[in-house]
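Okay, structure first, notes after.
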Amino acid sequence: MAHTDWDDEFSNAKYIPQGMSYPQRWKDAATSFIENHARVELDIAYGSHPRQVFDLFWPSSQPRGLVVFVHGGYWIDFDKSYWSHLAKGSSDQGWAVAIPSYVLAPEARISEITHMMVQMIEKCAQVVAGPIVLVGHSAGGHLVTRMACKNTVISIEIRERIQRFVSISGVHDLRNLLHTQMNKRLRLTAEEAISESPSLHEPVETASVLTWVGSKERPEFLRQSEVLYHEWRSRIKEARNVVENDRHHFDIIDLLTNSRSSLSSVMLGVH
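What the sequence shown shows, in the numbering used here, is residues 173 to 443, in sequence order.
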């Protein structure tokens, strides 16, 4: 462990063909989706900071419930404008989809971002009725599974509405990030790394948690999903860990654009 290159373990783009091209691909797809989606509300505020806003994509009929997608980027990159197209699969199944931005590190600590997610979910829940599915990718997977921890303060009413917590290629034990160069921006301490690691905390017993990861991911991301699954599976209502064949860290989220993909079907309870 002492000789592990943790910067390399958390590097994704250099191990993915044309990895550096993906952000522009995401941006283009997101822009096109917004332009062609019939009903969308942009920049709904859930806090006082300019980045505390979300976009809300309405389905063509009365929504069956609310899906919230939380983006990744190691808590230091991106905003909601890169991910709009990921609303397609859930919207096609009749769900409203909220995609938020949040204040990034180093301006905000990870613990503060966790609190922002509580604020955002509570605001979204006021706008859309019905069951809630929380889904996040990478750092967003961390933020979603933090919502399933007992020490995260969410109102009982809203917690009872959360049908499923879905972490796609999520980070659930933050301690190894202490040994990376990115921690100069994250400013994680050993104490915060522990307090913000979902796998080290007691989950809500009624939670249904799905971890989904690509077979071509970096070994650390495969391990991160396994860790959460093994730590929580005997303590919650439902736990499932799926390794999607021939997917890597950047293309696994494409499954969200397809309402009939294996991920969308399990996430939304479509049988």
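Here a beta-carbon is modelled for each residue, glycine too, at the ideal position from N, C-alpha and C.
All values derive from a computational prediction rather than experimental measurement.
Proximity below 7 Å, CB of residue i to CB of residue j
i	j	result
VAL242	GLY308	yes
VAL269	VAL239	yes
SER262	PHE205	no
LEU214	ASP200	no
ALA185	SER253	no
VAL527	MET439	The structure shown does not extend to residue 527, since the chain is modelled only from 173 through 443, so no value can be given for it.
Distance between residue j and residue i (C-alpha atoms, nearest Å)
i	j	result
SER367	TYR194	32 Å
PRO370	LEU350	16 Å
VAL399	ALA301	33 Å
GLU181	LYS260	31 Å
ILE271	ALA362	30 Å
PRO278	LEU315	16 Å
PHE122	PRO235	Beyond the ends of the chain as shown, which are 173 and 443, falls residue 122; an answer cannot be given.
THR176	THR352	10 Å
GLY245	SER434	24 Å
TRP384	TRP178	22 Å
ASN417	SER436	16 Å
GLU329	ILE293	12 Å
Buried versus exposed call for residue i [16 or more other C-beta atoms within 10 Å across all chains shown]
i	result
PRO375	buried
HIS402	exposed
LEU428	buried
HIS406	Inspection of the sequence shows that residue 406 is occupied by Ser rather than by His. SER406 is exposed by the Cβ-count criterion.
PRO391	exposed
Distance between beta carbons of residue j and residue i, contact taken as under 8 Å
i	j	result
TRP247	LEU358	6 Å
GLN265	VAL415	Not confirmed; about 24 Å, so no contact.
ARG336	LEU382	6 Å
GLN291	GLY237	20 Å between Cβ atoms; not a contact.
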